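Engineer: Questions regarding the structure given below will be posed in turn.
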Ligand SMILES: Nc1ncnc2c1ncn2[C@@H]1O[C@H](COP(=O)(O)OP(=O)(O)OP(=O)(O)O)[C@@H](O)[C@H]1O
Ligand SMILES: [Mg+2]
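Protein chains in written order, with full-length UniProt numbering: chain A, 1 to 257; chain B, 1 to 303.
Following this line, the structure appears as structure tokens:
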């Protein structure tokens, strides 16, 4: 079943220095349960595309459908959870308080909130940290808490914009494993922006390579890797070949400059 | 997380003393300069008197007399302290000579004006943040209101209210509110706008209503700004109240005390009232500071 459908989506920002073509004729189909990574050089429109799906930006041309609806309607129906690059937890709320914030806004009952908060805390391996304040947690733990917050209301789609960008390699590996695990358990559709080729290859069922000026898709690579992926899969020839393909795609995009 | 135990004993006293030392040094310097100034400023009068009486003044006579005059140009610190002590502790608190009574009159109008000003400031800030038209129209008027000298406004307010038969607390509270709403307005507009684009986007992604966004994001983010503005506002309210007590006719309040002191050349009374007002302001600001620490600690914002 198709969850996200983009047809010739373009998005132009009008700025003081003239128009910026952040996206140009982007077409992409994302199926239910896909794990799609967006990779490309800075400024190629990855964030813009994710935000357009989330109805935080509006395309200037083309059609975009999320869960069979216009993106803004999908947003109103709380069809997605969005994870930003920074955790953005409220410093005056505990971790549990932060996670139940969207639940309060959406009108879940108190008992339901407590139960869901507990469940997602377990899911991101933060059980026992609910009563702590954000500043008492490491950066990686805070980012996991922000993922838990996006998961709490059980939207089918999870959109993540470089969620692990600011973390070191080892923490990142652990979180990648945890994310895959979570994806398998929940069967969600995930859109994931990254700058790292290994991360994209390790996580995705579909890798979207983009290039800038104007922002567009240069390659869409379907991963032949199995859904069960131990970290060691990164040393297999299939993995290395796939990474090679992504690297070529990125180089192709640069050829225009 | 373990709370570090609070060490007791000489360490604490030493640290407290270490922190107090600079303050005490400055205080001492002020007192010394004050005494010197009192001698210097009162000396002409004392010399004059001596010349009239054909008395010969020794240096120590001169100093003693300059510091004990009934109506000095500048009273010495111990005279002010004595006047203050007499006004606070030496009178029954219902007496018109009691600084506690006058202080209460001023304090009640200050608090009323502060409350009105705070509510008005927050209300206008909410409007400015949520309404484009208000955003563009309110601020210039608010600024204009503060550029009008309060000394010119205050008597008019008093007179207008008096002509309607309203005297006492309310007109003074209005003047206090006039001065105190402004810092609250400026601080809260800034405070309500502190949430960054990402936090607002998050709220938007959850399809939060504007009310939810206000109560759950804008208001809590603005609290540090609120307390900073409240400290300025309460001091401004006190100034406004005292100015409101200056116009002729007022018989109660620290402002009236200041004015009657100056009518009758009672400089000790003027200075005592001034210090009473300063102490009142300091206590009020400290109370807000305590409330701030308590609130921010409960919110987990103070570490
Ligand atoms: N709000 C905006 N107003 C004007 N221009 C914008 C805006 N947001 C993005 N852009 C421009 O659109 C282009 C694409 O930006 P976008 O943030 O989507 O890139 P990105 O691929 O996410 O880059 P990065 O990897 O650095 O995050 C850039 O040229 C950027 O300057
Ligand atoms: Mg980006």
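For every residue, glycine included, the Cβ atom is placed at its ideal position computed from N, Cα and C. Please read all numbers here as calculations on a predicted model, not as lab measurements.
How many angstroms separate the CA atom of residue 151 of chain A from the CA atom of residue 198 of chain A?
Structural biologist: Counting from one through the first chain, the residue named residue 151 of chain A turns up at place 151. Counting from one through the first chain, the residue named residue 198 of chain A turns up at place 198. Spanning the two alpha carbons is a distance of roughly 25 Å.
Engineer: Given that a residue counts as buried once 16 or more other Cβ atoms are within 10 Å of its Cβ, and exposed if not, what is residue 169 of chain A?
Structural biologist: Mapped onto the first chain, residue 169 of chain A falls at position 169. Exposed, because fewer than 16 other Cβ atoms sit within 10 Å of the Cβ of residue 169 of chain A.
Engineer: Look at the alpha carbon of residue 232 of chain B and the alpha carbon of residue 225 of chain B, and state the distance between them as a whole number of angstroms.
Structural biologist: The count along the second chain starts at 1 and reaches residue 232 of chain B at position 232. The count along the second chain starts at 1 and reaches residue 225 of chain B at position 225. Cα to Cα, the separation comes out at about 11 Å.
Engineer: Put residue 219 of chain A into one of helix, strand or coil per three-state DSSP.
Structural biologist: Translated into the one-based positions of the first chain, residue 219 of chain A becomes position 219. Strand.
Engineer: Does at least one heavy atom of ligand 1 sit under 7 Å from the Cβ of residue 46 of chain A?
Structural biologist: Sequence index remark: in the first chain, residue 46 of chain A carries index 46 (1-based). Yes, since a heavy atom of ligand 1 falls inside the 7 Å radius drawn around the Cβ of residue 46 of chain A.
Engineer: Note down, in chain order, all residues in the segment 198-214 of chain B with a beta-carbon under 7 Å from any beta-carbon belonging to chain A.
Structural biologist: Those residues of the segment 198-214 of chain B that come within reach of chain A (Cβ to Cβ, closer than 7 Å) are 198, 199, 201, 202, 204, 205, 206, 207, 208 and 212.
Engineer: Quick one: residues in its chain with C-beta nearer than 7 Å to the C-beta of residue 77 of chain B, no 5 flanking neighbours on either side, listed in chain order?
Structural biologist: Taking the second chain and counting its residues from 1, the one referred to as residue 77 of chain B is at position 77. Counting only Cβ-Cβ distances below 7 Å, and skipping sequence neighbours, we find 31, 34 and 35.
Engineer: Can you give the beta carbon distance from residue 177 of chain A to residue 231 of chain A, rounded, assuming they're within the 8 Å contact cut?
Structural biologist: Here residue 177 of chain A corresponds to residue number 177 of the first chain, with the count starting at 1. Here residue 231 of chain A corresponds to residue number 231 of the first chain, with the count starting at 1. With a Cβ gap of about 6 Å, residue 177 of chain A and residue 231 of chain A count as contacting.
Engineer: Would residue 257 of chain B pass as an interface residue toward chain A - the criterion being a Cβ-Cβ separation below 8 Å?
Structural biologist: Locating residue 257 of chain B in the second chain gives position 257, where the first residue counts as 1. Residue 257 of chain B does not count as touching chain A.
Engineer: Residues in the segment 80-95 of chain A with C-beta within 9 Å of chain B's C-beta atoms, listed in sequence order?
Structural biologist: Answer set for the segment 80-95 of chain A: 80, 81, 82, 84, 85, 86, 88, 90, 91, 92, 93 and 94.
Engineer: Which class does residue 267 of chain B belong to by DSSP, given the choice of helix, strand or coil?
Structural biologist: Residue numbering aside, residue 267 of chain B sits at position 267 when the second chain is read from its first letter. It is helical.
Engineer: Should residue 3 of chain B be labelled buried (16 or more other beta-carbon atoms within 10 Å of its own) or exposed?
Structural biologist: Position 3 of the second chain, counted from the first residue, corresponds to residue 3 of chain B. Low per-residue confidence applies at residue 3 of chain B: pLDDT is 45, beneath 50, and the placement is therefore not dependable enough to give any value.
Engineer: Mind pulling the chain C residues with CB within less than 8 Å of residue 56 of chain A?
Structural biologist: Chain labels in this structure do not include chain C; the protein chains are A and B.
Engineer: What residue from A:172, A:109 and A:117 has the CA that sits closest to residue 139 of chain A's CA?
Structural biologist: Start at 1 with the first residue of the first chain, and residue 139 of chain A comes out as number 139. Taking only the C-alpha atoms, the option nearest residue 139 of chain A is A:172.
Engineer: Are residue 81 of chain A and residue 158 of chain A close, meaning C-beta to C-beta below 8 Å?
Structural biologist: In the first chain, residue 81 of chain A corresponds to position 81, counting from 1. In the first chain, residue 158 of chain A corresponds to position 158, counting from 1. Yes, they are a contact pair.
Engineer: At which residues does the beta strand (DSSP E) containing residue 93 of chain A begin and terminate?
Structural biologist: Position 93 of the first chain, counting from 1, holds the residue named residue 93 of chain A. First-last for residue 93 of chain A: undefined, no H or E at that position.
Engineer: Which of the three DSSP states is assigned to residue 66 of chain B in this structure?
Structural biologist: Counting from one through the second chain, the residue named residue 66 of chain B turns up at place 66. Three-state DSSP puts residue 66 of chain B in a helix.
Engineer: Just verifying my parser: in three-state terms, what is the DSSP assignment at residue 195 of chain B?
Structural biologist: Here residue 195 of chain B corresponds to residue number 195 of the second chain, with the count starting at 1. Coil at residue 195 of chain B, not helix or strand.
Engineer: Name the chain B residues whose beta carbon is nearer than 8 Å to that of residue 78 of chain A?
Structural biologist: Here residue 78 of chain A corresponds to residue number 78 of the first chain, with the count starting at 1. Those within 8 Å of residue 78 of chain A in chain B are 206 and 207.
Engineer: Would DSSP call residue 24 of chain A helix, strand or coil?
Structural biologist: For the purposes of this step, residue 24 of chain A is taken as the residue at position 24 of the first chain. It is a strand residue.
Engineer: Please report the distance separating the alpha-carbon of residue 103 of chain B from that of residue 125 of chain B.
Structural biologist: Along the second chain, one-based indexing puts residue 103 of chain B at 103. Along the second chain, one-based indexing puts residue 125 of chain B at 125. When rounded, the distance between both Cα atoms is 32 Å.
Engineer: Could you spell out where the beta strand (DSSP E) holding residue 36 of chain A opens and where it closes?
Structural biologist: Counted from its first residue, the first chain places residue 36 of chain A at position 36. Run containing residue 36 of chain A: 35-39, per the beta strand (DSSP E) assignment.
Engineer: Which value, in whole angstroms, describes the spacing of the CA atoms of residue 205 of chain A and residue 38 of chain A?
Structural biologist: Walking along the first chain from the start, residue 205 of chain A turns up at place 205. Walking along the first chain from the start, residue 38 of chain A turns up at place 38. Near 11 Å, if we compare the C-alpha coordinates of residue 38 of chain A and residue 205 of chain A.
Engineer: Using a 10 Å radius around the Cβ and a threshold of 16 neighbouring Cβ atoms, would you call residue 304 of chain B buried or exposed?
Structural biologist: There is no way to answer for residue 304 of chain B, as the model of chain B reaches only from 1 to 303.
Engineer: Can you tell me whether residue 218 of chain B is buried or exposed, with buried defined as 16 or more other CB within 10 angstroms of its CB?
Structural biologist: By 1-based counting over the second chain, the position of residue 218 of chain B is 218. Its Cβ being crowded by 16 or more others within 10 Å, residue 218 of chain B is buried.
Engineer: So with CB distances below 8 Å, who are the chain B contacts of residue 19 of chain A?
Structural biologist: On the first chain, position 19 is the one that residue 19 of chain A refers to. What residue 19 of chain A touches in chain B: nothing, since even the nearest Cβ is about 21 Å away.
Engineer: Could you name the residues of the same chain whose beta carbon sits closer than 7 Å to that of residue 5 of chain B, not counting the 5 residues immediately before and after it, in chain order?
Structural biologist: Your numbering for residue 5 of chain B matches position 5 in the second chain. Confidence at residue 5 of chain B is low in this model, with a pLDDT of 48, below 50, so its placement is unreliable and the value that follows should be read with caution. Same-chain partners within the cutoff: there are none.
Engineer: Would you kindly check if the distance between the Cβ of residue 48 of chain A and the Cβ of residue 64 of chain A is under 8 Å?
Structural biologist: The residue given as residue 64 of chain A occupies position 64 in the first chain. The residue given as residue 48 of chain A occupies position 48 in the first chain. Going by C-beta atoms, residue 64 of chain A is not nearer than 8 Å to residue 48 of chain A.
Engineer: In whole angstroms, give me the CA-to-CA distance for residue 211 of chain B and residue 118 of chain B.
Structural biologist: As a first step, residue 211 of chain B is located in the second chain; it is residue number 211 there, counting from the start. As a first step, residue 118 of chain B is located in the second chain; it is residue number 118 there, counting from the start. C-alpha separation (whole angstroms): 20 Å.
Engineer: Let me see if you follow: with CB-CB separation under 8 Å, is residue 219 of chain B close to chain A or not?
Structural biologist: For the purposes of this step, residue 219 of chain B is taken as the residue at position 219 of the second chain. Chain A contact via Cβ: absent.
Engineer: In chain order, what residues of the same chain lie with their CB nearer than 7 Å to the CB of residue 75 of chain A, ignoring the 5 residues before and after it?
Structural biologist: Within the first chain, numbered from 1, the residue matching residue 75 of chain A stands at position 75. Only 54 and 55 meet the Cβ criterion.
Engineer: Pull up the distance between the alpha-carbon of residue 142 of chain A and that of residue 110 of chain A, whole angstroms please.
Structural biologist: The residue you call residue 142 of chain A lines up with position 142 of the first chain. The residue you call residue 110 of chain A lines up with position 110 of the first chain. Roughly 23 Å between the two C-alpha positions.
Engineer: Determine the direct distance from the alpha carbon of residue 244 of chain A to that of residue 195 of chain A, and round the result to whole angstroms.
Structural biologist: The count along the first chain starts at 1 and reaches residue 195 of chain A at position 195. The count along the first chain starts at 1 and reaches residue 244 of chain A at position 244. Rounded to the nearest angstrom, the two C-alpha atoms are 15 Å apart.
Engineer: Please give me, in chain order, every unbroken run of the beta strand (DSSP E) with length at least 3 that falls completely inside the segment 153-200 of chain B.
Structural biologist: The segment 153-200 of chain B contains no whole beta strand (DSSP E) run of 3 or more residues.
Engineer: So, for residue 172 of chain B: in the same chain, excluding its five sequence neighbours on each side, which residues have a beta-carbon less than 6 Å away from its beta-carbon?
Structural biologist: The residue labelled residue 172 of chain B in the question sits at position 172 within the second chain. Result list for residue 172 of chain B: 109, 241 and 244, in chain order.
Engineer: Could you run through the segment 105-129 of chain A and flag, in chain order, every residue whose CB is less than 7 Å away from some CB of chain B?
Structural biologist: Hits within the stretch, in order: 105 and 106.
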